[in-house]
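Heads up: the structure comes next, in structure tokens.
Numbering (the working numbering), first residue to last: 455 to 523.
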């Protein structure tokens, strides 16, 4: 016959594992459905549209100087 304390601990551990799995699953589901809203009310998509166009940025070094550094 098994020790009741050992059975109790095993059952408690199994319930805890199930609880952690369920929490992780629910949090992942919640986060994947959510949208990020900035303090000024913009969504992530709107913020991406307003990114700075770096195609016209000028630097002080030439490409060769940058590679040598």
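Backbone N, C-alpha and C fix where the C-beta goes; we use that ideal spot for every residue, glycine too.
Spatial distance of residue i from residue j (CA atoms)
i: residue 461; j: residue 477; result: 24 Å
i: residue 479; j: residue 467; result: 18 Å
i: residue 539; j: residue 471; result: Examination of residue 539 is not possible in this model, given that the chain is present from 455 through 523 alone.
i: residue 474; j: residue 484; result: 15 Å
i: residue 413; j: residue 515; result: The requested residue 413 does not occur in the structure, where the chain is confined to residues 455 to 523.
i: residue 463; j: residue 486; result: 34 Å
i: residue 456; j: residue 469; result: 19 Å
i: residue 496; j: residue 488; result: 14 Å
i: residue 510; j: residue 494; result: 27 Å
Heavy atom of the ligand PLP within 7 Å of residue i beta-carbon
i: residue 471; result: Because no ligand of any kind appears in the structure shown, any question about the ligand PLP cannot be addressed here.
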